[in-house]
Amino acid sequence: MLKSKTFVKKTRSGGIMKVVREHYLRDDIWCGSEVCTECKQDSTVLPRDACIESNLCSYSHYVVPDTNVVLHQIDALEDPVIRNVIILQTVLQEVRHRSAPVYKRLKDIIHEKEKHFYTFTNEHHRETFIEREPGESANDRNDRAIRVAVKWYSQHLKTSESESDSVKVVLLTNDQGNKQKAQEDGLVVYKFEEYIKSLIANPELVDRLALSNDDKSEMTSSKVLFPEHLPLSRIQAGIKSGSFLQGTFRASRDNYLEATVFVQGEGEDSTEILLQGLQNLNRAVHQDVVAVQLLPHNQWVAPSSVVLQDDGAAKDDNVEEEDDEEEKVLKISAAEAARKPTGKVVGIIKRNWRPFCGMLNISQIKESTRHLFTPADRRIPRIRVETRQASALAGQRIMVAIDGWPKHSRYPNGHFVRSLGNAGDKNTEEEVLLLEHDVPHQAFSQAVLSFLPKMPWAITPEDMEKREDLRHLTVCSVDPPGCTDIDDALHCRELKNGNLEVGVHIADVSHFIRPGNALDKEAANRGTTVYLCGKRIDMVPELLSSNLCSLRSNVERLAFSCIWEMNHKAEILKTRFTKSVINSKASLTYAEAQMRIDDANKNDDITKSLRGLNKLAKILKRHRIENGALTLSSLEVRFHMDSETHDPIDLQTKELMETNSMVEEFMLLANISVAQKIYDEFSECALLRKHPAPPPSNYDILLKAAKSKNVEIHTDTAKALADSLDVAKVDGFPYFNTLLRILATRCMMQAVYFCSGMDSDFHHYGLASPIYTHFTSPIRRYADIIVHRLLAVAIGADSTYPDLMDKHKQSALCSNLNYRHKMAQYAQRASVAFHTQLFFKSRGILNEEGVVLFVRKNAIIVLIPKFGLEGTVFFDSKDKVSPHIVFDEEGPTLKVEQHTFHIFDQVKVTISLDDSNIQHQKIRMALTEPVIPGVSVPAPDAEPQTKKPKLDR
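Residue numbers (this note's numbering): 290 to 1242.
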């Protein structure tokens, strides 16, 4: 049966267009129930025995949730207890339009066979489709469609063979009007909370309920604590007129009474608005999109340098206790010269809430079910939750979701989602770390795995026809120890004309991952492989990352090759790109490759190739540095893990060899060569990578640090900076130059991916290159897969597809890749910090040499070169009388009693783990030298170590 919907819409040019949509109704859409004798279905999803122990529904039943139940109670619906559920097409479509994350979670539940969730296409079933009536809202029409479908199901299933076999259908809604109409229609209907509270099997499930408006009002006081949020219509009008600004709310980690709102402008013209005080923050949560109103100029303040954690009493909702703190912050801020545009939040445009990891603060009131939850992320406010299992959750990491933040409540209200395990447990903390940094780490789905090649896999004659056979070349790979995802391999050989041929061979991942399939979408979403200490979260399934794409030795592999002809001065004479087949002759570590190069007795083909590469790499590096490329420094640490417990037993800074630099030079050269090629071919949609030059103010700390040792640094250009860093030396202080380079690294901007058709500035500041991209690591970076596809189309080795040539889609993809890349870096740092804590946990108090890296108002930041570790030595304390402190911002210097600290002063400190707060454990440092009476602490007695860490400076 065919129905048609007709409507008119306005075109861009102002004309009117009539649109007719055909809507097909069918008789062959089955109910999916095992009980049914009418439908001619081959398989069923809904079982005959549909008993869930319930005080309300003691009979076999299926449940039908309405749209709002799915949107707001998805945490509860995910619980294993909830099963035998009919999801109507009306509900699925509404959820899809209103919340992509909830829609994805619902689709995942539907695919879990043991949950018995069945999707019924009621909008195309002849007996359940309904037309929208005149004057009826879309929402009311959908509610009626749900009731009609439930009524049809109830009557349809009554026709089963016997009464004992019958299954009832229960509608679940939180809409009082919808419930009333369903009762008038004779349907079995309950509020979702009523139904969940009636379940006997799992009373804890009640904790996973999102709070209804009634519950929210119960948990708040009657006193209004915050200004009312303006309605969206007022906000939009205000933004249009310029009286309000729209931006992203960024809470402070160090001061819960302070935040900034980042307002995106045209091009580089972006501003940050400062917010101070609870009233002005007005219930915004980190990453919310908010509307702000600027305060009058005379009320502008400067960012506070006071560190304030929200440790207020959990028992009441009063903001008066914060008033003194706010006054203190504002007075300090107002006294400072550098005032910033200051404002207040007037409304919320978009909430960006997610489930948060953290721990429960158990209420002091006996038998209380209301408790405060403290998130692991200090930028998130504490959340009020109601739970009956508080004693069981004590000491556990849990997840909590925010339901709302009424104007009467000091804290937002939320509900328990799930437990992650015991706090401090390594697996639990790793899970928290991944969740908090939004790293997708679930197992690859069957849909994704279905696109992997079938094993045993082999290169076919068809593959060989389209590729250059380079299996005869002496190709080898050089990587860190234990690397299994080998992206790149190299070769160098002398040609008959006396020139050199150099090849960079990259795993041909794009051969296996085809555009638009589930595997491609998953890799695009993940964006990057994430490397934690002792663990890797792959971007692509292991069959590809560690096997079929990995360029392991002595196996044939598909590659994408960039081959140059060079003279002995490393000048490029010819460049070509080709899809190829290679057979790597050796998989070496950096150390193994270095030993081959250095061993005069070795003269085999692999070693000759490595020596040729190393010689050319040194010339390439010299040329780069002459052109103004920066050689910066950052301390990376390597943990040596116990083979049984996987706990860190040794900690050392990573040692870089010549071979590290050798590989890096050719990867940079390949990336630049490919960038130029894809831009020449596709000037509007090439995926490139740029590194913006830092604003001059970024260099202030570097210039001051150098000046403290009477060294002059020039920062006008990258070349000037590189040259002045090269000659920066202090007699008797060999580590000085490395420290300067570490500080220079901190001054840099973040490098980002971008689409060439959406930007005009391509320059890469750090590499001093006019154009750059990522081509050399497609196993672990999705950007490289896109670059491979562009290059393949450019050389006629593969066909194009629409999204590849769409600069807007390419730009949106770049935004996700930049976000994933940034979060992967943060996750990696958090993993190093956690393993550093584990390392020091069993070592008591150590006394180590350090260098002052920064000077603050009440503290010095100390770097321990031996461990690549940074920590803070505070000179004010809540527990004892603070010493006399004078901070000079110009220096910067910090005078503590009679001693003055400068940047790069050498000190000695004790290092220990402070685990008094199990959720926020930290490395604590205390000064032992120089000795300042009443401030420094005595050095601990030296104890012999069972295993001495290696010192790699």
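Glycine is no exception: its CB is placed at the ideal position from the N, C-alpha and C atoms.
Going by beta carbon distance, what residues of the same chain come within less than 6 Å of residue i, once the five residues before and after it are set aside?
| i | result |
| --- | --- |
| residue 759 | 869 and 871 |
| residue 450 | Note that residue 450 scores a pLDDT of 49, beneath 50, so its modelled location is shaky and nothing firm can be said. |
| residue 416 | 441 |
| residue 916 | 1057 |
| residue 1073 | 1063, 1064, 1066 and 1067 |
| residue 319 | 328 and 330 |
| residue 569 | 633 |
| residue 390 | none |
Under 7 Å Cβ to Cβ from residue i, same chain only, skipping five residues before and after it: list those, please.
| i | result |
| --- | --- |
| residue 910 | 950 and 954 |
| residue 498 | 362, 365, 482, 485 and 704 |
| residue 1096 | 973, 974, 1044, 1046 and 1047 |
| residue 718 | 1123 |
| residue 434 | 379, 411 and 419 |
| residue 746 | 837 |
| residue 336 | 323, 373 and 405 |
| residue 908 | 858 and 859 |
| residue 1229 | 1134, 1136 and 1199 |
Output needed for residue i: all residues of its chain with C-beta closer than 8 Å, excluding positions within five of it in sequence on either side, in chain order.
| i | result |
| --- | --- |
| residue 658 | 675, 676, 677 and 679 |
| residue 673 | 508, 659, 660, 661, 662, 698, 700, 701, 702 and 703 |
| residue 630 | 560, 561, 562, 563, 583 and 589 |
| residue 623 | Bear in mind that a pLDDT of 44 at residue 623, under 50, signals an unreliable position, so the number given afterwards is only what the model happens to contain. For residue 623, where only same-chain residues beyond five positions count, the Cβ hits under 8 Å are 590 and 591. |
| residue 1159 | 1142, 1150, 1151, 1152 and 1153 |
For residue i and residue j, what's the separation of their Cα atoms in angstroms?
| i | j | result |
| --- | --- | --- |
| residue 716 | residue 1206 | 19 Å |
| residue 478 | residue 349 | 15 Å |
| residue 982 | residue 1050 | 11 Å |
| residue 232 | residue 688 | There is no way to answer for residue 232, as the model of the chain reaches only from 290 to 1242. |
| residue 740 | residue 407 | 25 Å |
| residue 987 | residue 1036 | 5 Å |
| residue 1222 | residue 1161 | 19 Å |
| residue 370 | residue 644 | 21 Å |
| residue 655 | residue 648 | 19 Å |
| residue 317 | residue 438 | 15 Å |
| residue 607 | residue 694 | Confidence at residue 607 is low in this model, with a pLDDT of 45, below 50, so its placement is unreliable and no value can be given for it. |
| residue 1061 | residue 967 | 10 Å |
| residue 360 | residue 816 | 27 Å |
| residue 1173 | residue 1010 | 38 Å |
| residue 1117 | residue 683 | 28 Å |
| residue 912 | residue 1080 | 26 Å |
| residue 475 | residue 346 | 16 Å |
| residue 969 | residue 1099 | 17 Å |
Less than 9 Å separating the beta-carbons of residue i and residue j?
| i | j | result |
| --- | --- | --- |
| residue 920 | residue 1113 | no |
| residue 1042 | residue 1093 | no |
| residue 1196 | residue 1216 | yes |
| residue 903 | residue 857 | no |
| residue 780 | residue 764 | yes |
| residue 830 | residue 733 | yes |
| residue 1201 | residue 1129 | yes |
| residue 886 | residue 790 | no |
| residue 572 | residue 414 | no |
| residue 1316 | residue 579 | Not covered by the structure: residue 1316. The range shown for the chain is 290 to 1242. |
| residue 1226 | residue 1164 | no |
| residue 377 | residue 353 | yes |
| residue 778 | residue 794 | yes |
Could you tell me if the beta carbon of residue i falls within a distance shorter than 8 Å of some heavy atom in the ligand PLP?
| i | result |
| --- | --- |
| residue 382 | Of ligands this structure carries none, so the ligand PLP is not represented either. |
Is the CB of residue i under 9 Å away from at least one CB in chain C?
| i | result |
| --- | --- |
| residue 1083 | Annotation note: the requested chain C is absent from the structure, which comprises a single protein chain. |
Mind pulling the beta strand (DSSP E) runs of 3 or more residues that sit fully within the segment 382–425? 406–409
What residue ranges within the segment 732–807 form continuous alpha helix (DSSP H) runs of no fewer than 4 residues, ordered along the chain? 735–738 and 750–754
Any 3 or more C-beta pairs closer than 8 Å across the segment 1135–1153 and the segment 1180–1199: yes
Please give the ranges of any alpha helix (DSSP H) in the segment 658–705, keeping only runs that are unbroken, at least 4 residues long and fully inside the region. 679–682
Counting pairs of beta carbons, one from the segment 1082–1090 and one from the segment 1061–1070, are three or more of them closer than 8 Å? no
Any contact between the segment 847–859 and the segment 797–814? By contact I mean 3 or more CB pairs, one from each, below 8 Å. yes
Would you mind listing the beta strand (DSSP E) stretches within the segment 1022–1086 that are 3+ residues and don't spill past its ends, in chain order? 1041–1044
Alpha helix (DSSP H) runs wholly inside the segment 1146–1232, at least 4 long, in chain order: none
Residue ranges of each alpha helix (DSSP H) run of no fewer than 4 residues wholly in the segment 427–466, ordered along the chain? 427–447
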